[in-house]
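One structure is given here, and the rest of the page talks about it.
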Amino acid sequence: DVDPLQLGKVLMSMMQNGIYALRKKKNNGVVYDAVMRVSLLLEEHNVRIVLWDNGIGIESTILEKIFDPFFTTKTTSEAVGLYLSREIILNHNGKVEVRSVKNDYTEFIVIIPIHQSINTKSNE
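Each step along the sequence shown adds one to the number in this note's numbering, with nothing skipped, and position 31 is 70.
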């Protein structure tokens, strides 16, 4: 029971951030096999979506800030806001977690209840 357009925007935003991290690592001269994984796990009451990449990672000093409004480490034209993504997930009665190690990997975990009462009309 989700708004597919809104959830699609969230997943695309997170994947764009992953692609950015992969490119940035390669542009920094690191020789490695760039990997991005997206997995979906159906649990008893939830759907768990995991987005993982082995790009530049996120520094531990800013990990707590990445969901703050207007926070970005990128130029304005490159920024894809995680604040709005988190808000959409929260509006679906879900939650998002992030794990990351600088220069190693980043993993976003989106957990959304399978059944819920949400307003799926985009104009209300």
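Backbone N, C-alpha and C define an ideal beta-carbon position, used for all residues, glycine too.
Ranked by Cα distance from E103, the options G68, V135 and H84 are led by V135. By the C-beta density criterion, L81 is exposed, having fewer than 16 other C-beta atoms within 10 angstroms. A straight-line Cα-Cα distance of about 27 Å links I58 and N132. Of L123, N67, I95 and P108, the smallest CA-CA separation from S139 is found for I95.
By a beta-carbon distance limit of 8 Å, V49 contacts I128. Their separation comes to about 6 Å.
In the three-state scheme derived from DSSP, where H, G and I count as helix and E and B as strand, K134 is classed as strand.
Beta bridge pairing from DSSP links M75 with D92. Under the three-state reduction of DSSP output, E146 falls in the strand class. Inter-residue distance for L123 and Y144 is about 22 Å (C-alpha atoms, whole angstroms). By the neighbour-count criterion, in which 16 or more other beta carbons inside 10 Å mark a residue as buried, R76 falls on the exposed side.
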